[in-house]
Amino acid sequence: MSSPYLSVRDLSISFGSGEFRAVRNVSFDLARGEILALVGESGSGKSLTSLSVMRLLPEAARMTGRIEIEGRDIAVLPPRQMEDVRGAKIGMIFQEPMTSLNPVLTIARQMTEGLIRHNGLSRREALAAAATCLEDVGFAEPDRVLRQYPHQLSGGMRQRVMIAAALALKPGILIADEPTTALDVTVQAQVLDLLVDLKSRYGSGILLITHDIGVVAETADRVAVMRGGQILETGTVDEVLGAPTHEYTRALLASHLTVEKSLRLRKDETGVATS
Amino acid sequence: MTSTAILEVRDIRKTFTASGRTVHALNGVSLSLEKGETLGIIGESGSGKSTLGRIAVGLDTATSGSLLVEGERLDVLSPSLRREKLRKCQMIFQDPYSSLNPRLTVGRQIGEGLFASGVSDWREIRGTVADLLERVGLKREFAERYPHEFSGGQRQRIAIARALAPGPEIVVADEPVSALDVSIQAQILDLLAEIGRESLLSYLFISHDMAVVARLCDRIAVMHRGRVVESGPVAAVIENPQHPYTRNLLDAVPRFGRRRAGGKPTPVELPRHEDGDAFVAVSEGHLVLQAGGLRAAKTV
Amino acid sequence: MTSTTVTAATLRSLPFTVILGTGLALLIIAAALLAPYLAPFDPMRMAAGPRLAAPSAAHLFGTDEFGRDLLSRVLMGGRLSLGIGVAAVVSGLAIGGLLGLLAAFSGRLVQAVLLRVIDVLYSFPDTLIALALVAFLGPGIENATLAIAISLVPFYARVTYGLAAAERAKPYIEAAQLAGVRPGRLVRVHVMPNIGQSLIVMGTLGFSSAILSAAGLSFLGLGVQPPSPEWGAILASGRNYITKAPWILLFPGVAICLTVLSFNLIGDSLRDLVDPRRKGRP
Chain A
7 MSSPYLSVRD LSISFGSGEF RAVRNVSFDL ARGEILALVG ESGSGKSLTS
57 LSVMRLLPEA ARMTGRIEIE GRDIAVLPPR QMEDVRGAKI GMIFQEPMTS
107 LNPVLTIARQ MTEGLIRHNG LSRREALAAA ATCLEDVGFA EPDRVLRQYP
157 HQLSGGMRQR VMIAAALALK PGILIADEPT TALDVTVQAQ VLDLLVDLKS
207 RYGSGILLIT HDIGVVAETA DRVAVMRGGQ ILETGTVDEV LGAPTHEYTR
257 ALLASHLTVE KSLRLRKDET GVATS
Chain B
185 MTSTAILEVR DIRKTFTASG RTVHALNGVS LSLEKGETLG IIGESGSGKS
235 TLGRIAVGLD TATSGSLLVE GERLDVLSPS LRREKLRKCQ MIFQDPYSSL
285 NPRLTVGRQI GEGLFASGVS DWREIRGTVA DLLERVGLKR EFAERYPHEF
335 SGGQRQRIAI ARALAPGPEI VVADEPVSAL DVSIQAQILD LLAEIGRESL
385 LSYLFISHDM AVVARLCDRI AVMHRGRVVE SGPVAAVIEN PQHPYTRNLL
435 DAVPRFGRRR AGGKPTPVEL PRHEDGDAFV AVSEGHLVLQ AGGLRAAKTV
Chain C
894 MTSTTVTAAT LRSLPFTVIL GTGLALLIIA AALLAPYLAP FDPMRMAAGP
944 RLAAPSAAHL FGTDEFGRDL LSRVLMGGRL SLGIGVAAVV SGLAIGGLLG
994 LLAAFSGRLV QAVLLRVIDV LYSFPDTLIA LALVAFLGPG IENATLAIAI
1044 SLVPFYARVT YGLAAAERAK PYIEAAQLAG VRPGRLVRVH VMPNIGQSLI
1094 VMGTLGFSSA ILSAAGLSFL GLGVQPPSPE WGAILASGRN YITKAPWILL
1144 FPGVAICLTV LSFNLIGDSL RDLVDPRRKG RP
């Protein structure tokens, strides 16, 4: 891990007249084979940060700072060259997989398009590669999935297809923006397991955007806590969640409910009530 | 069965037909809610928990089975008496944005419930509305404002005030905090608990979030594919889960001090339940649905 | 958030078509309102000039076969055409709107029956319905107006039903129902403020269709009766002189075209403004 794969320096994003900066001087590194979580509540700027790495910010947004991938600043790349970076270097999965899958195209069509364009594979090779990736994300019958349309799959299956599609291009890093927020807990557990598996097997770096500190605790290696467009505190998961230095992180941890904590609070209350 | 139950559903079934396919949303659910109690309904999408909540307040009707409010079956009451009974059942919705009318002032929306329950003097209504706003932790003068001027958490407080206006005894809360930031969630949960205690409300609290349910509920019922598979006092069910689905659900909740190992999803074997399946008592009040087995017991 | 609100900002960024449409419509309405003062001659007065005279300084639009001044007739005819249009749209929207609301807020059976009937009627062109009704009621301005109003009912009923049904499914309407708000009050206080704007826009869309139907009926001799000047009626009387005096057909024809065009432009653009689903689509 001598040099990071992705390096973000002094990233700021402003809208309109520029008085209000939604993201302020954000810097972080992401190496291959690690999961970095950006955690924060709504409006913390975590999603804008991830979108800026993909250069997918809304047109009204103005961005300053450096975003380096393997030492090359992509913040200044012309759109045409950025298209090659997207997919091949950085993959992205979103909260709601239905909106990022085209409803009228088969899964095969959507998964092979990038492979044929970016990697110069033939249709047959691309299909085989897509099938392998689907198997990797836990589909027992990848060929059947390839023939299906998005609406024929459940929410969890669609999210797995999105991950497979992103991975097919073997990107150095994967950006996962609230990848499990729209999913049931049991499905969430599967998808998180999958991300961890992919990190160790493919050696991808994963930038995990989430509001759920429990997800961070189980999944991430390092974490950056965001609020009001700034990174307040960053470090390994054990450091930050185990011994938070910033007051906001402490408040975030305090307001996070776990099943055990809930039960304990209840027992305390009812104990007081009956005595 | 019991005389203290303020709300009871007996063998509720609900089937939807959409484009030729029949979906069984509820396959015979029986539950009772005691006065002053908070009963949590926990389940994932497709479990039927929201449909059950809608039936409990009369927004949906069951295909078969009956709904009892204060021990009286609603299906045999006259329409006006039924309306009267149903006014005791109010609802708090999940989405704080679509659940408030964008074109009416906050005070008007809350006041409509008072007007409908027979208060015809709007000056009197305005006073009560201001009291209600204060009670949910908002300023009295917010009554004159429109919903878009408020944050998600404030909107949910307004929705709670609106649900309280007709003077309900039963409140069905369908995922009332899942659209909110965690710091706001805690405040709303505390508010619900406080109001419940003060007004001796009975809550049917529908959620997918085990931690939230554990915080607020006295008893919980775990739903899976339109059936209750396990129910009982909240600590008993969470600390000693018996049904494979309950265990699966609890295990999936993110936890501190545990690391995801990775690996492909392993399918969990869940029992297929049929209509004849019966509940077995694990401890006092803690029941678990047993597959197949006790068919003999049913014939008694 | 409230994407249906037409704010000052959206008004400023109005597309050219709206400005054109509104300008035209205002001109036409002003001309119709001020017709008695603008018209140089009594539109009914025969031999105000020579018969079938071509447009000239004395008679800007020329004269018809009885020597009546065509400009005066087209101006006064606008009053009748627009009047019929307004009356038909207002009553059609009232009846159709009520039916649509009834369908959206009644039980399953009533709803199914109403929707079937509305759908069947909607499948006929509205002019055809108006024609059939006038054939049954007998010709004349009142009957024509009534027929056109009724012909618009299926359209308005369907539009209202669509808007109201979407509204009915929203949690805030369900919350009001739970609070015990009675159906009548529910519609009046809780639903109407949210769909009123869209209904008014739909009203403008029906207006041009009403004008066309009115002209069509009069042209066929079933609407406004000669010698009253109505655009369709003027067209009908002029058709025998199409080669000798084409201006008799030209001016009322252009008047109909411009009126229909202007209201369609306004209606279409306003619909895009109030309907967020159609935003950005052609």
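Residue numbers (the working numbering), protein chains in the order written: chain A, 7 to 281; chain B, 185 to 484; chain C, 894 to 1175.
C-beta: ideal position from N, C-alpha, C; glycine also.
None of the values given here were measured: they were computed from a predicted structure.
What do you reckon, are the CB atoms on residue i and residue j nearer than 7 Å?
i: C/SER1044; j: C/ASP1019; result: yes
i: C/ALA1126; j: C/VAL1117; result: yes
i: B/ARG287; j: C/PRO1086; result: yes
i: A/ILE19; j: A/LEU42; result: no
i: A/ALA223; j: A/ALA174; result: no
i: C/GLY970; j: C/PRO1119; result: no
i: B/ARG346; j: B/ILE294; result: yes
i: B/MET394; j: B/VAL437; result: yes
i: C/ASP962; j: C/ALA941; result: yes
i: B/ALA488; j: B/GLY297; result: With chain B covering 185 to 484 only, the question about residue 488 of chain B has no answer from this structure.
i: A/TYR11; j: A/ILE179; result: yes
i: C/ALA997; j: C/ARG1051; result: no
i: B/GLY410; j: B/ALA209; result: yes
Can a CB atom of chain C be found closer than 7 Å to the CB of residue i?
i: B/ARG341; result: no
i: B/SER283; result: yes
i: B/VAL303; result: no
i: B/LEU243; result: yes
i: B/GLU296; result: yes
i: B/MET275; result: yes
i: B/ARG310; result: no
i: B/ALA300; result: yes
i: B/SER203; result: no
i: B/ARG287; result: yes
Would you list the one or two residues that DSSP bridges to residue i?
i: B/ILE196; result: B/VAL213
i: B/THR201; result: B/THR206
i: B/ALA405; result: B/ILE225, B/SER415
i: B/SER153; result: Here chain B covers residues 185 to 484 and nothing more, so residue 153 of chain B does not appear.
i: A/VAL231; result: A/VAL45, A/GLU239
i: B/ALA189; result: B/GLU218
i: A/ALA172; result: Bridge partners of A/ALA172: none, in fact.
i: B/MET275; result: B/VAL356
i: B/LEU471; result: B/SER415, B/ALA465
Using a beta-carbon distance below 7 Å, is residue i in contact with chain A?
i: B/VAL366; result: yes
i: B/ALA436; result: yes
i: B/ARG444; result: yes
i: B/ARG238; result: no
i: B/ARG399; result: yes
i: B/GLY447; result: yes
i: B/ASN424; result: no
i: B/ASN432; result: yes
Comparing the C-beta of residue i with each C-beta of chain B, is any distance below 7 Å?
i: A/GLU141; result: no
i: C/GLU1067; result: yes
i: C/GLY1073; result: yes
i: C/PRO1086; result: yes
i: A/ASP244; result: no
i: A/ALA195; result: yes
Does at least one heavy atom of the ligand NAP sit under 6 Å from the Cβ of residue i?
i: A/PRO148; result: The ligand NAP is not part of the structure shown, which contains no ligands of any sort.
How about residue i: is its C-beta nearer than 7 Å to some C-beta of chain F?
i: C/PRO1064; result: Among the protein chains of the structure shown, namely A, B and C, there is no chain F.
Next item on the list: Within the region 986 to 1059 of chain C, note down every full alpha helix (DSSP H) run reaching 4 residues or more, in order along the chain.
Entry: Within the region 986 to 1059 of chain C, the complete alpha helix (DSSP H) runs of at least 4 residues fall at 1001 to 1015, 1019 to 1030.
Next item on the list: Residues of the region 221 to 233 of chain B with a CB closer than 8 Å to any CB of chain A: list them in chain order, please.
Entry: With the criterion set as a beta carbon lying under 8 Å from some beta carbon of chain A, the members of the region 221 to 233 of chain B are GLU228, SER229, in sequence order.
Check: When Cβ atoms are compared, which residues of the region 378 to 393 of chain B fall closer than 7 Å to chain A?
Finding: With the criterion set as a beta carbon lying under 7 Å from some beta carbon of chain A, the members of the region 378 to 393 of chain B are HIS392, in sequence order.
Next item on the list: Name, going along the chain, the residues of the region 327 to 356 of chain B whose beta-carbon falls closer than 7 Å to a beta-carbon of chain C.
Entry: From the region 327 to 356 of chain B, only HIS332, ARG346, ALA349, PRO350 have a Cβ closer than 7 Å to chain C.
Checklist line | Residues from the region 52 to 86 of chain A in contact with chain B, defined by Cβ distance under 7 Å | finding: Under the 7 Å Cβ criterion, the region 52 to 86 of chain A contributes no residue.
Next item on the list: Return the chain-ordered ranges of every beta strand (DSSP E) run that is complete within the region 302 to 370 of chain B and spans a minimum of 3 residues.
Entry: Along the region 302 to 370 of chain B, the beta strand (DSSP E) occurs as fully enclosed runs of 3 or more residues at 354 to 358, listed in sequence order.
Checklist line | Secondary structure, alpha helix (DSSP H): runs of 4+ residues fully inside the region 101 to 138 of chain A | finding: Qualifying alpha helix (DSSP H) stretches, in chain order: 103 to 106, 113 to 125.
Checklist line | Members of the region 197 to 220 of chain A that neighbour chain B once the beta carbon cut-off is set at 9 Å | finding: Flagged, chain order: VAL197, LEU198, ASP199, LEU200, LEU201, VAL202, ASP203, LEU204, LYS205, SER206, ARG207, HIS217, ASP218, ILE219, GLY220.
Check: Curious, which full-length alpha helix (DSSP H) runs of at least 4 residues does the region 928 to 989 of chain C contain?
Finding: Runs of the alpha helix (DSSP H) spanning 4 or more residues and lying entirely within the region 928 to 989 of chain C occur at 928 to 931, in chain order.
Checklist line | Residues in the region 34 to 49 of chain A having any Cβ partner in chain B nearer than 7 Å | finding: Only those residues of the region 34 to 49 of chain A whose C-beta falls short of 7 Å from the nearest C-beta of chain B are listed: GLU47, SER48.
Check: What residues in the region 246 to 275 of chain B bring their beta carbon closer than 9 Å to a beta carbon of chain C?
Finding: Hits within the stretch, in order: ARG267, GLU268, LEU270, ARG271, CYS273, GLN274, MET275.
Notebook entry, point to check: Whole beta strand (DSSP E) runs in the region 8 to 83 of chain A with 3 or more residues, listed along the chain?
Noted result: Taking only runs of at least 3 residues, the beta strand (DSSP E) segments lying wholly in the region 8 to 83 of chain A are 12 to 21, 27 to 36, 41 to 45, 67 to 75.
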